[in-house]
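What follows is a short report on a single structure.
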Amino acid sequence: MKMQGTDLSIEKEKNKKKRLKKQRKRMDKQLADRHRKRKEVARWEKLDNTANLFPAIATPSMTNVYRISVTMTEPVQVKPLQKALDEILPCFDSFRVRMRRGIFWNYFETNYKMPPLIEEETDYPCRYMEAYENNGYLFRVSYYQKRINLEVFHVLADGMGAMNFLRELVYRYLQILHPEQTFSEQEGLSDAAFLGTEDSYLKNYKRSHAKGYKTARAVEIKGEHLPLGELGVIHGTMSLQQLKQVCKTRKVSINEYFTAVLVDSIYREYLKEMPSKRPIAIAVPVNLRPYFESVTTRNFFVMVSALFQADRTGYTFEEILQIVVKSLREQITKEHLEELFSYNVSNQKNLLLRSVPMFIKIQAMRFVYRSSARANTTTLTNIGNFQVADEYAPYIEDFHGMIAMSTGQHVKMLVCSYQDHMNVNFSSSLRDVSIQRRFFRKLVEEGIEVTISTNGVYDN
Numbered sequence: 057m058k059m060q061g062t063d064l065s066i067e068k069e070k071n072k073k074k075r076l077k078k079q080r081k082r083m084d085k086q087l088a089d090r091h092r093k094r095k096e097v098a099r100w101e102k103l104d105n106t107a108n109l110f111p112a113i114a115t116p117s118m119t120n121v122y123r124i125s126v127t128m129t130e131p132v133q134v135k136p137l138q139k140a141l142d143e144i145l146p147c148f149d150s151f152r153v154r155m156r157r158g159i160f161w162n163y164f165e166t167n168y169k170m171p172p173l174i175e176e177e178t179d180y181p182c183r184y185m186e187a188y189e190n191n192g193y194l195f196r197v198s199y200y201q202k203r204i205n206l207e208v209f210h211v212l213a214d215g216m217g218a219m220n221f222l223r224e225l226v227y228r229y230l231q232i233l234h235p236e237q238t239f240s241e242q243e244g245l246s247d248a249a250f251l252g253t254e255d256s257y258l259k260n261y262k263r264s265h266a267k268g269y270k271t272a273r274a275v276e277i278k279g280e281h282l283p284l285g286e287l288g289v290i291h292g293t294m295s296l297q298q299l300k301q302v303c304k305t306r307k308v309s310i311n312e313y314f315t316a317v318l319v320d321s322i323y324r325e326y327l328k329e330m331p332s333k334r335p336i337a338i339a340v341p342v343n344l345r346p347y348f349e350s351v352t353t354r355n356f357f358v359m360v361s362a363l364f365q366a367d368r369t370g371y372t373f374e375e376i377l378q379i380v381v382k383s384l385r386e387q388i389t390k391e392h393l394e395e396l397f398s399y400n401v402s403n404q405k406n407l408l409l410r411s412v413p414m415f416i417k418i419q420a421m422r423f424v425y426r427s428s429a430r431a432n433t434t435t436l437t438n439i440g441n442f443q444v445a446d447e448y449a450p451y452i453e454d455f456h457g458m459i460a461m462s463t464g465q466h467v468k469m470l471v472c473s474y475q476d477h478m479n480v481n482f483s484s485s486l487r488d489v490s491i492q493r494r495f496f497r498k499l500v501e502e503g504i505e506v507t508i509s510t511n512g513v514y515d516n
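In the numbering used here, the protein residues as written are 57 to 516.
Below, the structure is given as structure tokens:
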């Protein structure tokens, strides 16, 4: 029986991928032999304080993987992109690692294998990362049409570290793709790249015994789930200047405004404006680098929670905004942030706890995590503005991101910006989208024009 033309082309593509993988395995062996002959010893280092948690709680349904993407002005070419990754990865010690399991803690070890093979995206985003797959690397790079995706297991870095890595990957890709252009840095990394791998939690730790955060149960958004493995994505784009004008009029920051709109949407669509014994709690990650003068590429953030207790009916948006702003501003001070991460580090430094075997620590971390995760209704992450050198800007159209689900949090939100684009991304494992719809409608009511797109999951 003869194969049709389409089937034949698919079979050829599969065979091509098999050949590439075999070729890279041979190169892996050659690299390993070379390092063995040179008697090179793999560098190892401890996981940072936050990173210790993620391997203990990661599962196929709670992957702790996040994605940041760059949309180019022209279709992505995979060969130059692979070459760019192969060239820049050795410069990033924080990404060129594999995770090993010790008796008491996990640790990182230098990964001398070939960089991950870049493939066209064919599956849902933020999938689980098996430690032994992907040549042992804890990140993956894929592409789809004009978009380059970087997905990172949170154990490696937070959004700032990943943005730094992706920017350098895009720079090198464009240098290879457009040799006719004279970019200012054709060799090595850009001057803007930061490569520090210090554990800033330990460096800035102050002895503290205060817990600093609460673990009381919050409102949990429930409903019919999408099929296992599917992730629904709704993406909204708006003018950053329009948004700033609204925030300026209300005398609030963008983070405060978005958090209040999200609380308002949950209050009206999920609670139906009825009183609740449990608060709506929005977890907001805070980048600690500006507060403690750090440029580490590893994790350096803490979570604060914006709390709203619906103790009656009839709250107006203005009232909700005022409550949310007060809640956030009381928590986002250097002293309180220091207290939050110092408490966590104190547990890590405790001699008695350090001597507990890893398998017991894992169970304890899972228990503590489940309690703290259910203390939040959802998470709102702002990874900031994606900045590129002027000479690369004509080739870059936009910048996006998204985060995976976690215990008790079935809807999550990530915001970021590029030039005058403010991008809001909702990822969800639930079929109902009334909260997301209400959120964007509120923005439109406030005079902000919004363009919506989805990944098609909700079309079924």
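All C-beta atoms, glycine included, are put in the ideal place defined by N, C-alpha and C.
Query: Expressed to the nearest angstrom, what Euclidean distance is found between the alpha-carbon atoms of M219 and D179?; Result: 22 Å
Query: Taking only the alpha-carbon atoms, compute the straight-line gap between M128 and I159 and give it to the nearest angstrom.; Result: 45 Å
Query: Using the rule of at least 16 other Cβ atoms within 10 Å of the residue's Cβ for burial, across every protein chain shown, is Y474 buried or exposed?; Result: buried
Query: Is the beta carbon of N167 less than 8 Å from the beta carbon of L103?; Result: no
Query: Just how far apart, CA to CA, sit T353 and R196?; Result: 17 Å
Query: Where does the unbroken beta strand (DSSP E) through E101 begin, and where does it stop?; Result: 100 to 102
Query: Cβ atoms of Q387 and N105: under 8 Å apart, would you say?; Result: no
Query: Is it right to say D446 is buried, meaning 16 or more other beta carbons lie within 10 angstroms of its own, or is it exposed?; Result: exposed
Query: Shortest alpha-carbon distance to L363 belongs to which of V380, T372, T369?; Result: V380
Query: Starting from T253, follow the alpha helix (DSSP H) in both directions and report where the run begins and ends.; Result: Neither: T253 is in no alpha helix (DSSP H) and is coded neither H nor E.
Query: Using the Cα positions of V500 and I508, report the straight-line distance between them to the nearest angstrom.; Result: 12 Å
Query: Between the Cα of L384 and the Cα atoms of I416, P341, E374, which residue gives the shortest distance?; Result: P341
Query: Nearest to I338 by alpha carbon, out of T437, G288, P283, H392?; Result: T437
Query: Assign N400 to one of three DSSP states: helix, strand, or coil.; Result: helix
Query: Residue range of the beta strand (DSSP E) that T507 falls in?; Result: 506 to 510
Query: Return yes when the Cβ of C147 is within less than 8 Å of the Cβ of M458, no when it is not.; Result: no
Query: Considering only C-alpha positions, which residue in the set N432, L141, Y451 is nearest to I277?; Result: N432
Query: Out of V412, E325, G215, R426, which has the shortest C-alpha to C-alpha gap to Q465?; Result: R426
Query: Could you please give the first and the last residue of the uninterrupted beta strand (DSSP E) stretch that includes F455?; Result: 452 to 459
Query: Does the segment 370 to 380 come within contact of the segment 283 to 296, defined as at least 3 CB pairs closer than 8 Å?; Result: no
Query: Taking contact to mean 3 or more Cβ pairs, one atom from each stretch, closer than 8 Å, check whether the segment 189 to 206 and the segment 296 to 312 are in contact.; Result: no
Query: Going by the CB atoms, is the gap between M185 and L173 shorter than 8 Å?; Result: no
Query: Can you list the beta strand (DSSP E) stretches of 3 or more residues lying completely in the segment 170 to 207, in chain order?; Result: 195 to 200
Query: Suppose you measure from the CA of I336 to the CA of F314; what does that come to, to the nearest Å?; Result: 14 Å
Query: Based on Cα-Cα distance, which residue from N108, V153, N191, L137 lies nearest to F415?; Result: N108
Query: Does the beta-carbon distance from V275 to R334 come in below 8 Å?; Result: yes
Query: From the DSSP output, read off the bridge partner residues of S361.; Result: A339
Query: In angstroms with no decimal places, state the Cα-to-Cα distance between R156 and A114.; Result: 15 Å
Query: From Y257 to F110, what does the alpha carbon distance come to, in whole angstroms?; Result: 16 Å
Query: Quick one: grab the DSSP three-state call for S125.; Result: strand
Query: Counting only the same chain and skipping the five closest in sequence on each side, list residues whose C-beta sits under 6 Å from that of A460.; Result: T119, V121, C182
Query: In whole angstroms, what is the alpha-carbon distance linking F221 and Y227?; Result: 10 Å
Query: May I ask you to list the residues that DSSP assigns as paired with I290?; Result: F482, T510
Query: Report the three-state DSSP secondary structure of E165 (helix, strand or coil).; Result: strand
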